[in-house]
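Asker:
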Amino acid sequence: MTKTLISAAISIALLATGQALLKYGLMRAGGVNFGGGELLKGFRTIVTTPTIILGFLCYGASSLLWLDVLSKLDISLAFPLVSLTYVITLFVGGLFFNEVITLTRVLGVLVIIGGVALVARS
1 MTKTLISAAI SIALLATGQA LLKYGLMRAG GVNFGGGELL KGFRTIVTTP TIILGFLCYG
61 ASSLLWLDVL SKLDISLAFP LVSLTYVITL FVGGLFFNEV ITLTRVLGVL VIIGGVALVA
121 RS
């Protein structure tokens, strides 16, 4: 079980890292717009921005690890662990993207942590 929880933790960390890399890549590329005939331009931005590609690779690695987790844990126990990604990305947003971490967001994250703790005890 410990090895499985380590796999889950790494998968969750890769998911949060992928999200941060996508955000960073989109910021550097000036964002993407898939409306108004900009589909090809948006796609070109995605496939030519290294940090966006790296973000997708993190998602892929996370998914592969997650398959191992799902094969060993009940889905009703495993999937709530993914919500810890919200906790990580709150702090990533504040530390790396200068996002404002409001009291409401902190309280929301505390509720998530409490929920995960309750599910884990079952």
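Under the numbering used here, the first residue of the sequence shown is numbered 1, with each subsequent residue one higher.
Just so you know, even glycine gets a beta-carbon here, dropped at the ideal spot from N, CA and C.
A quick note: this is a predicted structure, and the numbers were derived from the prediction, not measured.
Quick check: the segment 87–97 against the segment 59–73, are at least 3 beta-carbon pairs closer than 8 Å?
Answerer: Counting Cβ pairs under 8 Å, fewer than three are found: no touch.
Asker: DSSP three-state label for S122, please.
Answerer: Note: S122 maps to coil in three-state DSSP.
Asker: Any chance the segment 71–84 sits against the segment 43–57, with 3 or more Cβ pairs inside 8 Å?
Answerer: Verdict: no, contact absent.
Asker: Which same chain residues end up closer than 7 Å to F34 when comparing Cβ atoms and leaving out the 5 residues on each side of it in sequence?
Answerer: Excluding positions up to five away in sequence, the list reads G42.
Asker: Taking its Cβ as the centre, do 16 or more other Cβ atoms sit within 10 Å of I12, making it buried, or is it exposed?
Answerer: So I12 counts as buried.
Asker: Going along the chain, which residues of its own chain have a beta-carbon closer than 8 Å to the beta-carbon of L22, five neighbours each way excluded?
Answerer: These residues qualify, in order along the chain: T51, I52, G55, F56.
Asker: For L101, which three-state DSSP category applies?
Answerer: Correcting the residue identity first, residue 101 is Ile in this sequence and not Leu. I101 falls in the coil class under three-state DSSP.
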